[in-house]
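Undergrad: Take 0 as the starting number for the sequence shown in numbering that gives the first Met the number 0 and just add one per residue.
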Amino acid sequence: MNLILFGAPGAGKGTQSELLIKRLGMTQISTGDLFRAAIKGQTDLGKKAQEYMDKGQLVPDSIVIGMVEEVLQKGVKNFILDGFPRTVAQAEALDSLLNKMTLSIGKAIFLEVPMEILMDRLTGRRVCKNCGAVYHIVSKPTKTEGKCDNCGGEVVQRNDDKAEVIGTRLKAYQEFTSPLKEFYKKSGKYIQVDGNRDTELVYNEIEKIIS
């Protein structure tokens, strides 16, 4: 089954995607990861995306949709879309693209987390500059402060996780992404999951949904 996993920044989409990949062999298509790889490689697209991400703004649809189409054309199956679509316009473009490729989305799972919890999660999040591993200063700290457990790389706070940017990110999320709930409710694919629980409890519910 192909899934959309969506929710506000910090809702736990990346964490749940990792578990689905490890345990069910699914393939993650994360627009955030695609952007960060392009930024690290200093490609033209990466530079454009960075300008928006550093300000906490959504990357324009034309950039995002083109990147997703490029990945789908490689023939990936049993995939999870993480961070895309973020707007109804993107969802409509995705439906059109999938129809053209004779693919479909089975479920659109929304991770519901209160805004105050999202703020705590995001301000405490840290990321390895080298391998992209994600940590949290309270719930998932590194064994050695400032060093990645996996590769020893430097662990830093992303620019878009800083307090002054988070408010903008969450405001953009509410304005553009919330209408996706209604879009997928109409198609009968929408399911809401309480993301403000232990990681394993959230995962177990998602696994039951897609089994």
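Heads up, the beta-carbon is just placed ideally off N, CA and C, and yes, glycines get one too.
1) In whole angstroms, what separates the C-alpha of valine 70 from that of threonine 86?
2) Among Lys12, Gly166, Tyr183, whose alpha-carbon lies nearest the alpha-carbon of glycine 82?
3) Suppose you measure from the CA of isoleucine 104 to the CA of isoleucine 20; what does that come to, to the nearest Å?
4) Can you give me the Cβ contacts of arginine 168 inside the same chain, cut-off strictly under 7 Å, excluding the 5 residues immediately before and after it?
5) Can you name, in chain order, every residue of its own chain whose Cβ lies under 7 Å from the Cβ of methionine 100, other than the five neighbours on each side?
6) Please report the residue range of the beta strand (DSSP E) in which glutamine 191 lies.
7) Whose CA, out of Leu121, Tyr134, Leu200, lies closest to the CA of glutamate 163?
8) Applying the 10 Å Cβ sphere with the 16-neighbour rule, what's the burial state of asparagine 203?
9) DSSP three-state call for leucine 2: helix, strand or coil?
10) I'd like the ranges of any alpha helix (DSSP H) spanning at least 4 consecutive residues and lying wholly in the region 6 to 60.
11) When the distance is taken between beta carbons, is isoleucine 116 closer than 7 Å to valine 192?
12) So, are the CB atoms of asparagine 195 and valine 63 less than 7 Å apart?
13) Is DSSP giving leucine 233 helix, strand or coil here?
14) Locate the alpha helix (DSSP H) running through isoleucine 116, then write down its first and last residues.
15) Span of the alpha helix (DSSP H) holding phenylalanine 109?
16) Apart from the five residues just before and just after threonine 212, which ones in its own chain have a Cβ nearer than 8 Å to its Cβ?
17) Kindly list the residues whose CB is nearer than 7 Å to the CB of cysteine 130, restricted to its own chain and excluding five residues on each side of it in sequence; keep chain order.
18) Please confirm whether any heavy atom of the ligand HEM lies closer than 6 Å to the CB of valine 201.
19) For phenylalanine 34, collect the residues of the same chain with a Cβ closer than 6 Å to its Cβ; drop the 5 residues on either side in sequence, then sort them by chain order.
TA: Judging by the given coordinates:
1) Each residue's Cα considered, the two are about 19 Å apart.
2) If we check each option's Cα against that of glycine 82, Lys12 comes out closest.
3) If you take the alpha carbons of isoleucine 104 and isoleucine 20, they lie about 17 Å apart.
4) Once the five neighbours on either side are set aside, the close Cβ partners of arginine 168 are Pro8, Gly55, Asp159.
5) Listed in chain order, the non-local C-beta contacts of methionine 100 below 7 Å within the same chain comprise Leu71, local neighbours out to five positions each way being set aside.
6) Start and end: 189 to 193.
7) Selection Leu121, Tyr134, Leu200 evaluated against glutamate 163 yields Leu121 as nearest (Cα-Cα).
8) With fewer than 16 other Cβ atoms inside 10 Å of its own Cβ, asparagine 203 counts as exposed.
9) Three-state result, leucine 2: strand.
10) Runs of the alpha helix (DSSP H) inside the region 6 to 60: 12 to 23, 30 to 39, 43 to 53.
11) The answer is no: Cβ separation not under 7 Å.
12) In this structure, valine 63 does not lie closer than 7 Å to asparagine 195 by Cβ.
13) No answer is possible for residue 233: it lies beyond the span of the chain, which begins at 0 and ends at 210.
14) Element bounds for isoleucine 116: 114 to 123.
15) Under the DSSP assignment, phenylalanine 109 falls outside any alpha helix (DSSP H), being part of the beta strand (DSSP E) whose first and last residues are 106 to 111.
16) No statement about residue 212 is possible, as the shown extent of the chain runs from 0 to 210 and does not include it.
17) In its chain, beyond the 5 residues on either side, Cys147, Asn149, Cys150, Gly152 have a beta carbon closer than 7 Å to the beta carbon of cysteine 130.
18) As far as ligands go, the structure on display features none, and thus does not contain the ligand HEM.
19) Excluding residues within five positions, the ones whose Cβ falls inside 6 Å are Ala48.
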